[in-house]
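**Q**
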Amino acid sequence: MGRATAAVAALLAVLGLAAACSVGGPASTLDEVRDSGVLRVGTEGTYTPFSYHDPATNDLTGYDIEVITAVADRLGAKPEFVEAPFDALFASLVSDRFDVVANQVTRNPEREGKYALSAGYTFSEGVIITRAADSSISELADLKGKTTAQSSTSNWAGVAKEAGAEVEAVEGFTQAVTLVKQGRVDATVNDNLAALEYFKTTQDASVRVAAPTGDSSEQVFALRQDETELRDAINSSLRDLQADGTLARISDKYFGQDVSRGEAATQTAEQPAERQSTWQLVKDSAGPMALATVKATLPLTLISFVLGLAIALVVALMRLSSVPLLAPLARVYVSLIRGTPLLVQLFLIFYGLPALGLTFNPFTAAVIAFSLNVGGYAAEVIRSAILSVPKGQWEAASTIGMGYATTLRRVILPQAARTAVPPLSNTLISLVKDTSLASVVLVTELLRVAQVAAAPTFQFFALYGVAALYYWVICLVLSFGQQRVERRLERFVAR
Amino acid sequence: MSGSHLVEVTGLHKRFGDHEVLRGIDFTIDAGTVTVLIGSSGSGKTTVLRCLNGLEVPEEGRVRIADVTLDFATRPGKRDLGRLRAQSAMVFQAHNLFPHLSVLQNVTIGPTVVQRRPEAEVREEALRLLDQVGLADKAGQHPFQLSGGQQQRVGIARALAQRPQLMLFDEPTSALDPELVGEVLAVMRDLAAEGWTMAVVTHEIRFAQSVADQVLFLDGGVVLEHGPPAQVLADPQQPRTRTFLKRILDPI
Numbered sequence: 019m020g021r022a023t024a025a026v027a028a029l030l031a032v033l034g035l036a037a038a039c040s041v042g043g044p045a046s047t048l049d050e051v052r053d054s055g056v057l058r059v060g061t062e063g064t065y066t067p068f069s070y071h072d073p074a075t076n077d078l079t080g081y082d083i084e085v086i087t088a089v090a091d092r093l094g095a096k097p098e099f100v101e102a103p104f105d106a107l108f109a110s111l112v113s114d115r116f117d118v119v120a121n122q123v124t125r126n127p128e129r130e131g132k133y134a135l136s137a138g139y140t141f142s143e144g145v146i147i148t149r150a151a152d153s154s155i156s157e158l159a160d161l162k163g164k165t166t167a168q169s170s171t172s173n174w175a176g177v178a179k180e181a182g183a184e185v186e187a188v189e190g191f192t193q194a195v196t197l198v199k200q201g202r203v204d205a206t207v208n209d210n211l212a213a214l215e216y217f218k219t220t221q222d223a224s225v226r227v228a229a230p231t232g233d234s235s236e237q238v239f240a241l242r243q244d245e246t247e248l249r250d251a252i253n254s255s256l257r258d259l260q261a262d263g264t265l266a267r268i269s270d271k272y273f274g275q276d277v278s279r280g281e282a283a284t285q286t287a288e289q290p291a292e293r294q295s296t297w298q299l300v301k302d303s304a305g306p307m308a309l310a311t312v313k314a315t316l317p318l319t320l321i322s323f324v325l326g327l328a329i330a331l332v333v334a335l336m337r338l339s340s341v342p343l344l345a346p347l348a349r350v351y352v353s354l355i356r357g358t359p360l361l362v363q364l365f366l367i368f369y370g371l372p373a374l375g376l377t378f379n380p381f382t383a384a385v386i387a388f389s390l391n392v393g394g395y396a397a398e399v400i401r402s403a404i405l406s407v408p409k410g411q412w413e414a415a416s417t418i419g420m421g422y423a424t425t426l427r428r429v430i431l432p433q434a435a436r437t438a439v440p441p442l443s444n445t446l447i448s449l450v451k452d453t454s455l456a457s458v459v460l461v462t463e464l465l466r467v468a469q470v471a472a473a474p475t476f477q478f479f480a481l482y483g484v485a486a487l488y489y490w491v492i493c494l495v496l497s498f499g500q501q502r503v504e505r506r507l508e509r510f511v512a513r
Numbered sequence: 074m075s076g077s078h079l080v081e082v083t084g085l086h087k088r089f090g091d092h093e094v095l096r097g098i099d100f101t102i103d104a105g106t107v108t109v110l111i112g113s114s115g116s117g118k119t120t121v122l123r124c125l126n127g128l129e130v131p132e133e134g135r136v137r138i139a140d141v142t143l144d145f146a147t148r149p150g151k152r153d154l155g156r157l158r159a160q161s162a163m164v165f166q167a168h169n170l171f172p173h174l175s176v177l178q179n180v181t182i183g184p185t186v187v188q189r190r191p192e193a194e195v196r197e198e199a200l201r202l203l204d205q206v207g208l209a210d211k212a213g214q215h216p217f218q219l220s221g222g223q224q225q226r227v228g229i230a231r232a233l234a235q236r237p238q239l240m241l242f243d244e245p246t247s248a249l250d251p252e253l254v255g256e257v258l259a260v261m262r263d264l265a266a267e268g269w270t271m272a273v274v275t276h277e278i279r280f281a282q283s284v285a286d287q288v289l290f291l292d293g294g295v296v297l298e299h300g301p302p303a304q305v306l307a308d309p310q311q312p313r314t315r316t317f318l319k320r321i322l323d324p325i
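Top to bottom, those sequences are chains A and B.
In my numbering, each residue carries its 1-based index in the first sequence increased by 18.
In my numbering, each residue carries its 1-based index in the second sequence increased by 73.
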């Protein structure tokens, strides 16, 4: 007895110490939210009807958006939304890019262990969606041996896997349903709310709810594990919003019933949402996509290319240098850049470096990753271009007294440029298209805007088609520029 | 006595890997004279020339040009090589003009970029030099638009623009079509008449006969025979010199 008491006391002391450590440092996040009046919220922005862009106004809206806005309001703050694919939300949360995830996060033991979870604000049950004509699935067990499409980190992927299904990773619910319709997968598992909303807006008869999974679930806000203070403040706000009927009102607006309490809804709401014509949607999206091209895709490409060329020149000269260690160092760099996927490099810089205390904003992180990547590829191009200039040019420059740097700038590089331009143009054109990868580190560039527009409307072909067209036009212009530069550089060469 | 020589070369040794190209070279060049280096290929004559401006660094020996002396017993630094190099200018077999620059820019780039002389003055001098080599009307063209002989004459103008103490010519006519050789040799003859100190590696024996003050015959990395052309070319003492001259003058 005495020993047990002592152990408990010791444990409490340790916990107290730990708590003191975690709170004792800088001001708590709750205070920061109150002081700055800003609650940073991570959300998908492509998950109808919880978090999506209204096709008419392009404003971010949805059930989760309205609930977290009401919660923030109670805390005396305004929400500031950061949009990212579902799979990136938790990594971004942990690397302090926002304070809370509002995206129908389902409570489960794993997440309980890793994050601070709020009280539930949606209660739902799982359903299996199949093609209407497919009668092979009538209960969860029938998923065995079938293929389902799921967000790889969503809990429904776990449900499907446990039932014996193969899981194809997709970005969100809308893509999953599309894959079902296209017959690329057999089913998708999600909550009835998403299904309800889907049938309400699309009137789609080609897919149906085949069976309930038998799981009921509770959706919560997720915070970093040590943010219990902020979590508690959010919980108390949720209680207030429940008591004064705000949650019921928001819920009713999206689902025709109150899903913010224990009983889940299964009935279909009546009125179909008005559907935009594809043409109208493309017209509405073309502007924002062009804007994203000008504000993100092009600057990202050009800045990264210029910085990348500077890196490449330094690395190429290191490789050609006779100073010990420089050449092997440069070789390792080139090998690392060329031997690892660009996406991995991007993830390392954006999600990995914060662990070492280096946090860059999305655009900067993307610029760093792309510059380093271009640097690795272009270094070899520049090196071989320099080697292609005859040795006599170095000797002639040297006999008229030029040093290394002057020779390089005045004699060698202008001639090497001619050899280097065609392969460097390839690098540039690849880079234009590679910038689409920046969408996974929260940069709102061209592809990301297309995704956002496509998600609630299911117009993948039209919108990704427009995005493809934009990329193509950029590359056409660049190819034209390449020809002009080549012609300019060929001026002084006998043919 | 030695004080009056512009160039003094003593005990030059140079090896490429296992091959010893120069095995103790000694000679002097007086200011205002023309020295022609002859010898079969592999005899080391071009290497000697390239040791004079540091394009090759010998392992042993001394080179003095005017007041700059380098003793190669210790490997010279960049700065020392630069000082030696500044004493001379070179005309290459393959002209090595800068193809991306105009004829005029080829001539002015050294004086303006390296010597930092005022641009207007350099330009005026460059145009005069181009006129001297008969190419005043080509100033705005690019090297690829010129014939081989014209390119080589631009190379000479570029070298002259350096205002060197010593002009080095490395087989300036060997890469030219035979009918273009004359125009280049004529320019070189004029330079000699003007009093330029010149060291010329060439196979043009008749040029050597009429223009040279001194002929060096190199064989196997040493100076086998040297003296005025009337002696070395007309009355060679060494059998190897005789064989070489016979082969050059009467190849069939």
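For every residue, glycine included, the Cβ atom is placed at its ideal position computed from N, Cα and C.
1) Identify, in the order they occur along the chain, each residue of the same chain with its Cβ nearer than 8 Å to the Cβ of B:ALA209, setting aside the five sequence neighbours on each side.
2) Anything in the region 423-434 of chain A with a Cβ closer than 8 Å to a Cβ of chain B? List those residues in chain order, please.
3) I'd like the span of the beta strand (DSSP E) that includes A:GLY419, first residue to last.
4) Pick helix, strand or coil for A:LYS164, following the three-state DSSP scheme.
5) Could you say which of A:LEU161, A:TYR81, A:SER339, A:ALA251 lies nearest to A:VAL203 if we only look at CA atoms?
6) Under 8 Å Cβ to Cβ from B:VAL257, same chain only, skipping five residues before and after it: list those, please.
7) Looking at B:THR185 and B:VAL195, is the spacing between their C-beta atoms short of 8 Å?
8) Is there contact between the region 56-71 of chain A and the region 100-111 of chain A, where contact requires at least three CB pairs shorter than 8 Å?
9) Hey, does B:GLY90 have any beta-carbon neighbour from chain A nearer than 8 Å?
10) Tell me, please, whether the CB atom of B:PRO172 is closer than 8 Å to any CB atom in chain A?
11) Nearest-angstrom Cα distance between B:LEU266 and A:VAL503?
12) Give a yes or no on whether 8 Å exceeds the smallest Cβ distance from B:GLN235 to chain A.
13) With C-beta atoms as the reference, is B:VAL121 less than 8 Å away from B:LEU110?
14) Any C-beta of chain B sitting closer than 8 Å to the C-beta of A:GLU413?
15) How far does the beta strand (DSSP E) with A:GLY483 in it reach, from first residue to last?
16) For A:TYR395, is the classification buried or exposed, using 16 other Cβ atoms within 10 angstroms of its Cβ as the cut-off for buried?
17) A:ASN391 by DSSP, collapsed to three states: which one?
18) Using DSSP with H/G/I as helix, E/B as strand and the rest coil, what is B:ASP308?
19) Less than 8 Å between CB atoms is the rule here; does B:PHE242 satisfy it with respect to chain A?
20) How big is the Cα-Cα spacing for B:ALA146 and B:ARG152?
21) Under 8 Å between the Cβ atoms of A:ASN391 and A:ILE355?
22) Let me confirm a value: A:TYR272 is counted as buried when at least 16 other C-beta atoms fall within 10 Å, else exposed. Which label applies?
23) Within the continuous beta strand (DSSP E) that includes A:LEU96, where are the two ends?
24) What is the rounded straight-line gap between the Cα of A:LEU494 and the Cα of B:PRO191?
25) Would you say B:ARG158 lies against chain A (beta-carbon separation less than 8 Å)?
26) Looking at the structure shown, is A:TYR139 part of a helix, part of a strand, or coil, going by DSSP?
27) Between A:MET307 and chain B, is any beta-carbon pair separated by less than 8 Å?
28) Please list the partners that B:GLY183 has in chain A, where partner means a Cβ-to-Cβ separation under 8 Å.
29) With DSSP as the reference, label A:GLY410 as helix, strand or coil.
30) A:CYS39 CB to nearest chain B CB: under 8 Å?
31) Do A:TYR65 and A:GLN122 have their C-beta atoms closer together than 8 Å?
32) In angstroms with no decimal places, state the Cα-to-Cα distance between A:ARG267 and A:SER142.
33) Taking DSSP as the reference, what is the three-state secondary structure of A:ALA396?
34) CB of B:THR142 to nearest heavy atom of the ligand NAD: below 7 Å?
35) Along the chain, where does the alpha helix (DSSP H) containing A:PRO440 start, and where does it finish?
36) So the candidates are A:ALA175, A:SER353, A:THR220, A:VAL225; which of them puts its Cα closest to the Cα of A:LEU197?
**A** Answer, in terms of the structure:
1) On the second sequence, residue 209 of chain B is found 136 positions in, with the first residue counted as 1. Counting only Cβ-Cβ distances below 8 Å, and skipping sequence neighbours, we find LEU200, LEU203.
2) THR424, ARG428, VAL429, PRO432, GLN433
3) One-based indexing of the first sequence puts residue 419 of chain A at position 401. Looking at the DSSP string, A:GLY419 is not in any beta strand (DSSP E), and its letter there is neither H nor E.
4) Along the first sequence, one-based indexing puts residue 164 of chain A at 146. In this structure, A:LYS164 counts as coil in the three-state DSSP scheme.
5) Against the first sequence, residue 203 of chain A aligns to sequence position 185. Cα-wise, what sits closest to A:VAL203 is A:LEU161.
6) Stepping through the second sequence from its first residue, residue 257 of chain B is reached at position 184. Excluding positions up to five away in sequence, the list reads GLY222, GLN225, ARG226, ILE229, PRO245, THR246, LEU249.
7) As a first step, residue 195 of chain B must be located in the second sequence, where it is residue number 122. As a first step, residue 185 of chain B must be located in the second sequence, where it is residue number 112. Result yes, Cβ atoms of B:VAL195 and B:THR185 sit closer than 8 Å.
8) Result yes; three or more Cβ-Cβ pairs closer than 8 Å.
9) For the purposes of this step, residue 90 of chain B is taken as residue 17 along the second sequence, with counting starting at 1. Judged by the 8 Å Cβ criterion, B:GLY90 is not in contact with chain A.
10) In the second sequence, counting from the first residue as 1, residue 172 of chain B sits at position 99. Under the Cβ criterion of 8 Å, B:PRO172 is counted among the residues facing chain A.
11) In the second sequence, the residue the question calls residue 266 of chain B occupies position 193. In the first sequence, the residue the question calls residue 503 of chain A occupies position 485. A quick correction: the sequence has Ala, not Leu, at residue 266 of chain B. If you take the alpha carbons of B:ALA266 and A:VAL503, they lie about 47 Å apart.
12) By one-based count along the second sequence, residue 235 of chain B stands at place 162. Contact with chain A is found for B:GLN235, since one of that chain's Cβ atoms lies less than 8 Å from the residue's Cβ.
13) Taking the first residue of the second sequence as position 1, residue 121 of chain B is located at position 48. Taking the first residue of the second sequence as position 1, residue 110 of chain B is located at position 37. In contact: B:VAL121 and B:LEU110 (Cβ atoms closer than 8 Å).
14) Along the first sequence, one-based indexing puts residue 413 of chain A at 395. Taking Cβ atoms only, chain B reaches closer than 8 Å to A:GLU413, which makes this a yes.
15) As a first step, residue 483 of chain A must be located in the first sequence, where it is residue number 465. Note, A:GLY483: premise wrong, no beta strand (DSSP E); alpha helix (DSSP H) at 478-507.
16) Stepping through the first sequence from its first residue, residue 395 of chain A is reached at position 377. It is buried - the Cβ of A:TYR395 has at least 16 other Cβ atoms within 10 Å.
17) Here residue 391 of chain A refers to the residue found at position 373 of the first sequence. The answer is helix: DSSP assigns A:ASN391 an H, G or I state.
18) The count along the second sequence starts at 1 and reaches residue 308 of chain B at position 235. DSSP places B:ASP308 in coil when its eight states are reduced to three.
19) Position 169 of the second sequence holds residue 242 of chain B. With its beta carbon at least 8 Å from every one in chain A, B:PHE242 lies outside the interface.
20) Here the question's residue 146 of chain B lines up with position 73 in the second sequence. Here the question's residue 152 of chain B lines up with position 79 in the second sequence. Roughly 16 Å between the two C-alpha positions.
21) The residue you call residue 391 of chain A lines up with position 373 of the first sequence. The residue you call residue 355 of chain A lines up with position 337 of the first sequence. Yes, they are a contact pair.
22) In the first sequence, counting from the first residue as 1, residue 272 of chain A sits at position 254. Its Cβ being crowded by 16 or more others within 10 Å, A:TYR272 is buried.
23) Stepping through the first sequence from its first residue, residue 96 of chain A is reached at position 78. Reading off the sequence, residue 96 of chain A comes out as Lys, not Leu. Element bounds for A:LYS96: 96-101.
24) The residue given as residue 494 of chain A occupies position 476 in the first sequence. The residue given as residue 191 of chain B occupies position 118 in the second sequence. Cα to Cα, the separation comes out at about 45 Å.
25) Position 85 of the second sequence, counted from the first residue, corresponds to residue 158 of chain B. Residue contact check for B:ARG158 against chain A: a CB pair falls below 8 Å.
26) Numbered from 1 along the first sequence, position 121 holds the residue referred to as residue 139 of chain A. DSSP places A:TYR139 in coil when its eight states are reduced to three.
27) For the purposes of this step, residue 307 of chain A is taken as the residue at position 289 of the first sequence. No, its Cβ sits nowhere closer than 8 Å to a Cβ of chain B.
28) Taking the second sequence and counting its residues from 1, one reaches residue 183 of chain B at position 110. Neighbours of B:GLY183 on chain A, chain order: ILE418, GLY419, MET420.
29) Locating residue 410 of chain A in the first sequence gives position 392, counting from the first residue. Of the three classes helix, strand and coil, the one that applies to A:GLY410 here is helix, per DSSP.
30) Position 21 of the first sequence, counted from the start, is the residue given in the question as residue 39 of chain A. Because A:CYS39 sits at a pLDDT of 44, beneath the cut-off of 50, its placement in the model cannot be relied upon, and the point is left open.
31) Start at 1 with the first residue of the first sequence, and residue 65 of chain A comes out as number 47. Start at 1 with the first residue of the first sequence, and residue 122 of chain A comes out as number 104. Cβ atoms of A:TYR65 and A:GLN122: closer than 8 Å.
32) Indexing the first sequence from 1 puts residue 267 of chain A at position 249. Indexing the first sequence from 1 puts residue 142 of chain A at position 124. C-alpha separation (whole angstroms): 17 Å.
33) Within the first sequence, residue 396 of chain A is the residue found at index 378, counting from 1. Shown here, A:ALA396 sits in a helix according to DSSP, grouped into three states.
34) The ligand NAD is absent from the structure shown, which contains no ligands of any kind.
35) In the first sequence, residue 440 of chain A corresponds to position 422, counting from 1. Taken as a continuous stretch (DSSP letters only), the alpha helix (DSSP H) holding A:PRO440 covers 431-452.
36) Stepping through the first sequence from its first residue, residue 197 of chain A is reached at position 179. Among A:ALA175, A:SER353, A:THR220, A:VAL225, the Cα nearest to that of A:LEU197 is on A:VAL225.
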